[in-house]
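Trainee: Listed in order, the protein sequences are those of chains G and U.
So for the first sequence, the working numbering puts the first residue at 4; every next one is plus one.
So for the second sequence, the working numbering puts the first residue at 4; every next one is plus one.
Ideal placement from N, C-alpha and C gives every residue a C-beta, glycine not left out.
There are 2 protein chains.
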Amino acid sequence: MSLLITVGREFGSGGRELGRRLADNLHIAYYDKEILQELVKNTPYSQRYIEEVSEAKPVPLFPIHYGVSWSNVNDPFSPSTDVFKKQNEIMREMALKSSCVIIGRAADYVLRDLHPYRLFVYADMPSKIARCRERDSNPNITDKEIIKNIKRIEKNRRSFYDFYANATWGAKENYDLLINTSGQDIKELANALAVYFEPRLEK
Amino acid sequence: MSLLITVGREFGSGGRELGRRLADNLHIAYYDKEILQELVKNTPYSQRYIEEVSEAKPVPLFPIHYGVSWSNVNDPFSPSTDVFKKQNEIMREMALKSSCVIIGRAADYVLRDLHPYRLFVYADMPSKIARCRERDSNPNITDKEIIKNIKRIEKNRRSFYDFYANATWGAKENYDLLINTSGQDIKELANALAVYFEPRLEK
Chain G
4 MSLLITVGRE
14 FGSGGRELGR
24 RLADNLHIAY
34 YDKEILQELV
44 KNTPYSQRYI
54 EEVSEAKPVP
64 LFPIHYGVSW
74 SNVNDPFSPS
84 TDVFKKQNEI
94 MREMALKSSC
104 VIIGRAADYV
114 LRDLHPYRLF
124 VYADMPSKIA
134 RCRERDSNPN
144 ITDKEIIKNI
154 KRIEKNRRSF
164 YDFYANATWG
174 AKENYDLLIN
184 TSGQDIKELA
194 NALAVYFEPR
204 LEK
Chain U
4 MSLLITVGRE
14 FGSGGRELGR
24 RLADNLHIAY
34 YDKEILQELV
44 KNTPYSQRYI
54 EEVSEAKPVP
64 LFPIHYGVSW
74 SNVNDPFSPS
84 TDVFKKQNEI
94 MREMALKSSC
104 VIIGRAADYV
114 LRDLHPYRLF
124 VYADMPSKIA
134 RCRERDSNPN
144 ITDKEIIKNI
154 KRIEKNRRSF
164 YDFYANATWG
174 AKENYDLLIN
184 TSGQDIKELA
194 NALAVYFEPR
204 LEK
């Protein structure tokens with residue numbers, strides 16, 4: 004049986020970097036944007052629409068948001084739940100193919116029958132602001148704007164998770180390990196995690 | 004600066020074993036019952052009284068509970084807050100002496116100015132029951148009795164922590180790492196943690 008590690012993460016917590024480094028250390032696959040790309044290839048929806056709904060609670064259909072006409076007008080939620088279903092199929096296929104790390108998308112819940120090891124990565128607000136500032140190309144952005152952005156994205160992730168998993172995003176009972184990256188070195192964290200997971204990899 | 008690791012833990016989660024193994028791996032001091040022994044040596048109270056109050060929310064004085072007469076009858080809480088203060092002094096002394104692991108007693112909050120690395124160890128109920136059963140000498144104890152015991156002890160720890168730290172016991176914002184031991188190997192967890200902490204030890 005292959006090893007599946009899922010990573011839930013607050014925005015700006017470094018969860019993606021941690022997942023990436025962990026996958027590199029373990030020489031296993033890593034899936035984040037790759038899932039989006041597969042969705043664009045395998046559904047009739049535009050990349051923009053998919054990006055909007057792939058980690059958000061279902062919203063009623065607004066035709067302007069996606070690229071193709073949609074016949075099933077009786078169910079205005081159907082394109083976003085359709086994306087959700089397709090996304091789940093893609094993640095399952097990835098997880099069954101080989102050991103891997105999957106970022107976000109309620110993969111911990113969706114693939115629960117595959118017994119993933121479920122990480123949740125978080126940080127305090129000052130750390131998240133600092134991390135966002137590091138990767139933001141606009142040096143004039145204010146802290147207030149960054150905080151607003153963090154809160155908006157986390158609100159989406161939270162309602163997506165809570166809606167589909169019927170559980171609370173970031174609540175410890177849904178995870179195996181919750182990592183506060185505030186003031187911590189992500190590289191060292193990834194190294195220690197690799198030591199923990201190494202014996203579980205198929206030889 | 005020495006390394007201080009604090010361990011909050013649910014009852015039956017294996018937090019104590021994890022802390023013990025981690026201290027062993029790092030060759031640093033480990034304090035749990037040792038704090039109780041120091042309290043018995045350094046206060047006028049009986050061991051039984053200290054065991055009862057050292058990790059509980061202050062309760063009014065009941066003379067039957069402790070071994071010596073107490074003059075300050077105007078403040079019925081004073082013996083338990085007295086134990087709390089003395090316990091804090093002892094923990095601070097221990098933490099300043101050398102790198103160490105301290106179990107429970109809101110050490111993460113009490114010694115926050117020493118910048119501890121704050122672990123919280125938890126598990127699901129079936130795992131906690133199984134662990135309690137392993138170490139319980141009575142093979143006839145029922146699951147119901149074990150659950151009652153777990154809930155009673157955790158209620159004490161929770162109200163102790165919430166009262167003194169004015170924060171929520173087990174809530175992720177108060178910790179650096181939260182470890183779910185359900186189905187996990189404590190020894191392997193302790194090994195991986197040691198890899199993470201090793202570089203932080205004074206050379």
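#1: Work out the CA separation of U:Y52 and G:G22 for me, nearest whole Å.
#2: Shorter than 7 angstroms from the beta carbon of U:N75 to some beta carbon of chain G?
#3: Any residues in the stretch 190-205 of chain U with a beta carbon nearer than 8 angstroms to a beta carbon of chain G? Which ones, in chain order?
#4: Report the rounded CA-to-CA distance for U:N183 versus G:Y178, giving the unit in angstroms.
#5: Taking CB distances under 7 angstroms as the criterion, tell me whether G:I182 reaches chain U.
#6: Since U:F123 is in the beta strand (DSSP E), which residue starts that stretch and which ends it?
#7: What residue range is occupied by the uninterrupted beta strand (DSSP E) comprising G:N183?
#8: Taking 7 angstroms as the CB-CB cut-off, is U:D179 touching chain G?
#9: Need the endpoints of the beta strand (DSSP E) that U:T84 sits in, please.
#10: With 7 angstroms set as the bound, which would you pick, yes or no: does the beta-carbon of U:K175 sit closer than that to a beta-carbon of chain G?
#11: By the criterion of Cβ-Cβ separation under 9 angstroms, what are the contact partners of G:Y125 in chain U?
#12: Between the C-alpha atoms of U:K190 and G:P47, what's the straight-line distance to the nearest angstrom?
#13: If distances are taken between C-alpha atoms only, which option among U:K131, U:R19 and U:K147 comes closest to U:E37?
#14: According to DSSP, is U:Y69 helix, strand or coil?
#15: Comparing C-alpha positions only, which one of G:R24, G:Q90 and G:S81 sits nearest to G:E54?
#16: Helix, strand or coil, according to DSSP, for U:R134 in the structure here?
#17: Measure the alpha-carbon distance for G:Y69 versus G:V56 and round it to whole angstroms.
#18: Am I right that U:I93 and U:E41 are in contact with their C-beta atoms under 8 angstroms? What's the rounded C-beta distance?
#19: Going by beta carbon distance, what residues of the same chain come within less than 6 angstroms of G:S162, once the five residues before and after it are set aside?
#20: To which residues of the same chain is G:T9 closer than 6 angstroms at the C-beta, ignoring the five residues directly before and after it?
#21: Let me make sure I understand the geometry here. Which of G:Y167, G:A174, G:E148 and G:S5 has the alpha-carbon closest to that of G:K131?
#22: To the nearest angstrom, report how far apart G:D27 and U:P202 are at their CA atoms.
#23: To the nearest angstrom, report how far apart G:L25 and G:D127 are at their CA atoms.
Mentor: According to the structure shown:
#1: Going by C-alpha positions, G:G22 is about 48 angstroms away from U:Y52.
#2: Note that U:N75 scores 48 on pLDDT, short of 50, meaning its location in the model is unreliable; the coordinates nonetheless yield the value given after this. Using beta-carbon distances, U:N75 does not count as an interface residue toward chain G, since no partner is under 7 angstroms.
#3: Those would be E191, L192, N194, A195, L196, V198, Y199 and P202, in chain order.
#4: Looking at the backbone, the Cα of U:N183 and that of G:Y178 are separated by about 7 angstroms.
#5: Taking Cβ atoms only, chain U reaches closer than 7 angstroms to G:I182, which makes this a yes.
#6: U:F123 -> beta strand (DSSP E) spans Y120 to Y125.
#7: DSSP places G:N183 in the uninterrupted beta strand (DSSP E) bounded by L180 to N183.
#8: Between U:D179 and chain G, the shortest Cβ-Cβ separation is below 7 angstroms.
#9: Taken as a continuous stretch (DSSP letters only), U:T84 belongs to no beta strand (DSSP E), being part of the alpha helix (DSSP H) at S81 to K100.
#10: Yes, U:K175 counts as interfacial toward chain G.
#11: K175 and E176, listed in chain order.
#12: When rounded, the distance between both Cα atoms is 49 angstroms.
#13: The shortest C-alpha separation from U:E37 is found at U:R19.
#14: With a pLDDT of 48 at U:Y69, under the threshold of 50, the predicted position of this residue should be treated as unreliable, though the coordinate-derived value follows. Judged by DSSP in its simplified three-state form, U:Y69 adopts coil rather than helix or strand.
#15: Of the candidates G:R24, G:Q90 and G:S81, the one whose C-alpha sits nearest the C-alpha of G:E54 is G:Q90.
#16: U:R134: helix per DSSP, three-state reduction.
#17: Since pLDDT at G:Y69 reaches only 48, below the 50 mark, its modelled position is unreliable, and no value is offered.
#18: For a cut-off of 8 angstroms, the C-beta gap from U:I93 to U:E41 is around 5 angstroms, short enough to register as a contact.
#19: Annotation for G:S162: K60 place their beta carbon closer than 6 angstroms to its own, counting only its chain and skipping 5 residues before and after.
#20: Answer for G:T9: I105, A110, D111, P119 and R121, listed in chain order.
#21: Of G:Y167, G:A174, G:E148 and G:S5, the residue nearest in Cα terms is G:E148.
#22: Going by the C-alpha atoms only, they are around 21 angstroms apart.
#23: Looking at the two C-alpha atoms, the distance is approximately 22 angstroms.
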